[in-house]
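Going left to right, the sequence shown walks through residues 35 to 165 as my numbering numbers them. These notes are about the structure you will find just below.
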Amino acid sequence: MSNLRVLAGYRSILRATRTAFNADIATLIAARDQIKREMKSSVSKSQPMLNIEERTELLFQISSFLKQNIVQGVKNGKDEGKDKYLLNIHKDTELGDNDDIKKKNELAIDGSSMNVGGCCGGGQVKLEPKN
């Protein structure tokens, strides 16, 4: 593994933290401090079984995750008693179309729901009359 690849991964994750936590200085500093500690140690404290190549690949994966999946929200005043937030959606933010969710909620040919997933009870809801 070349030092250039490791440095590229390090720069990539630092840029990703700036994108993800731009207005939240405390979180930005904490994230960068954690990254620096992990980079300086010869063995990762959180992932001790990873070698340098795997740790470098993990840097790129975390960088990609931060850029695509973290959206920062900043409180932007109130309107009619409701809080409003301004979301920092940038060019790298992954904007899903929810096709997977829509497909799960389609009805089967016999009219029953195809949605068998979910957390609380596997998507099964039982309504009982109130006494």
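Yeah, the Cβ is synthetic: ideal placement off N, Cα and C, and Gly gets one too.
For residue i, count neighbouring C-beta atoms within 10 Å of its own C-beta (all shown protein chains included) and say buried if the count is 16 or more, exposed if not.
i: residue 43; result: buried
i: residue 112; result: exposed
i: residue 41; result: exposed
i: residue 79; result: exposed
i: residue 129; result: exposed
i: residue 109; result: exposed
i: residue 100; result: buried
i: residue 57; result: exposed
i: residue 60; result: exposed
i: residue 54; result: buried
Hey, could you find the ends of the alpha helix (DSSP H) residue i is sitting in?
i: residue 70; result: 59-74
Mind checking who residue i pairs with in its DSSP beta bridge?
i: residue 37; result: Looking at the DSSP assignment, residue 37 forms no beta bridge with any residue, so it has no partner.
i: residue 116; result: 113
i: residue 122; result: 106
Answer yes or no: the CB of residue i versus the heavy atoms of the ligand GDP, is any distance below 7 angstroms?
i: residue 52; result: With respect to the ligand GDP, the structure offers nothing, as it holds no ligand at all.
*Are three or more beta carbon pairs between the segment 44-64 and the segment 85-103 nearer than 8 angstroms?*
The answer is yes - the segment 85-103 touches the segment 44-64, with three or more Cβ pairs under 8 angstroms.
*Counting pairs of Cβ atoms below 8 angstroms between the segment 122-136 and the segment 59-73, do you hit three or more?*
No contact exists between the segment 122-136 and the segment 59-73.
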